[in-house]
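Here is the structure we will look at.
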Amino acid sequence: MPDDPKPTVRRRVLGTNLRRLREEHGLHLEHAAEHLSCNISKISRIESGRSPIRPLDLKALLELYQVDEPSARDGWLSLARESRKQRWWRVLEDRLPQDFLDLIGLEEDTSYCRGFQPGVIDGLFQTSAYAEAVIAGGSPGPLGSDAATKLAVRLERQKALTRSEHPIGVWMVLGEAALKQQIGGTAVMRAQLGHLIDLARLPNVTLQVLPFAVGAYRGGPFPFKIYRFPEPSDMQVVLLENHVSHTYLEDPADIGFYADIFNHLRAASLGELESKALIEGLVSEVPG
């Protein structure tokens, strides 16, 4: 099978976890290659996500790594099948940077996300008008071609929240500033706040607000998200966003660091009911 210079997130997750299994059993690339009667480079490409893996080869590796429980084996085979699927965003590869394509893949392929957005409503929760205002960044007139593509992709990403099969679970902490910054004007903000209230009713969404009254807090005013992949993977990825790129952290120490910050933020924030009441109060204050 030919190498893929831009492997899907799920394929990289599959490869990373196969490497983890191999290392947990004290095996080297040579052992896996010998078991499959192939060269070491094939195993390396599979573990890096550059090459897909055939079901027969996966079953052989699971046997080598002593994954015997039927449901666990089924989970690995399902992960492999999903990793071979073409995703809707692949047609945009020439129009979007790879780090942004990775973000879309995370939201499609992960089962759960925790995050903090101090100054803007998170992209998964934005209305079309609010998202357009954010992307425009205060520039007047209609969006250009690239910006219009970003808007369309952002709205498509949001379907992960309401898809019929395994919608992504999201626990988001929003800073009070995100609720009060008048992005797009009063009408846009009123609709956006109402949309947040609707989303908070979804069983897979937990929304909390970090109020101004908290003062200084752990981690500072920097947004982040922690994505978790479904079983059999136990992999998590931290996403850090800035103006020009997305950075992904996979080291367990980094994940633990941001998980600790998130736990402090959620503990310092208003509860779900209090957060909902605050947002409802803000809706009533915004001119209709």
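For what it's worth, UniProt numbering labels the leading residue of the sequence shown as 1, then goes sequentially. Don't be surprised by glycine CBs; every beta carbon is placed ideally from N, CA and C. Predicted model, so just to flag it, every value in this text is computed and none were measured.
With a cut-off of 8 angstroms on the beta carbons, I'd call residue i and residue j a contact; round off their distance for me.
i, j, result
"residue 278", "residue 265", "With 8 angstroms as the limit, residue 278 and residue 265 do not qualify as a contact, their Cβ atoms being about 16 angstroms apart."
"residue 131", "residue 161", "So it is not a contact: roughly 14 angstroms between Cβ atoms."
"residue 118", "residue 55", "Residue 118 to residue 55, Cβ: 45 angstroms. No contact."
"residue 147", "residue 136", "7 angstroms"
"residue 282", "residue 193", "6 angstroms"
"residue 125", "residue 196", "6 angstroms"
"residue 15", "residue 63", "Their Cβ separation, rounded to whole angstroms, is 18 angstroms, which puts residue 15 and residue 63 out of contact at 8 angstroms."
"residue 217", "residue 268", "6 angstroms"
"residue 57", "residue 27", "Between residue 27 and residue 57 the Cβ distance is about 15 angstroms, and since that is not below 8 angstroms, they are no contact."
"residue 189", "residue 286", "6 angstroms"
Can you name the start and end residues of the beta strand (DSSP E) that residue i belongs to?
i, result
"residue 114", "112-117"
"residue 224", "224-228"
Out of the options, which one is the CA nearest neighbour of residue i?
i, options, result
"residue 49", "39, 62, 25, 10", "10"
"residue 78", "53, 64, 65", "53"
"residue 241", "225, 164, 199", "225"
"residue 202", "181, 172, 234", "172"
"residue 60", "26, 41, 22", "22"
"residue 207", "218, 69, 249, 116", "116"
"residue 154", "121, 185, 166, 272", "121"
"residue 209", "216, 178, 237, 232", "178"
"residue 163", "111, 138, 176", "111"
"residue 229", "169, 184, 31", "169"
"residue 17", "144, 259, 80", "80"
"residue 272", "39, 113, 174, 259", "174"
"residue 108", "143, 58, 167", "167"
"residue 252", "234, 215, 190", "234"
"residue 248", "223, 144, 263, 31", "223"
"residue 33", "44, 24, 26", "44"
"residue 257", "246, 236, 181, 184", "236"
"residue 211", "274, 165, 159, 66", "274"
"residue 284", "227, 191, 259, 219", "191"
"residue 263", "72, 114, 227, 204", "114"
"residue 204", "180, 188, 159", "159"
"residue 139", "24, 156, 149, 184", "184"
"residue 72", "20, 232, 145, 259", "232"
"residue 24", "246, 65, 165, 69", "65"
Looking at the unbroken alpha helix (DSSP H) that takes in residue i, where does it start and where does it end?
i, result
"residue 197", "186-200"
"residue 279", "272-285"
With which residues is residue i paired in a DSSP beta bridge?
i, result
"residue 238", "226, 249"
"residue 206", "171"
Can you check the segment 131-193 for any alpha helix (DSSP H) of at least 4 residues that lies completely inside it and give the ranges in chain order?
-> Positions of the alpha helix (DSSP H) runs, each at least 4 residues long and wholly inside the segment 131-193, are given as 145-157, 176-180 in order along the chain.
Taking only runs that begin and end inside the segment 5-77, name each unbroken alpha helix (DSSP H) of 4 or more residues, in chain order.
-> Those alpha helix (DSSP H) runs which fall completely within the segment 5-77 and span 4+ residues are 9-24, 29-36, 40-48, 55-64.
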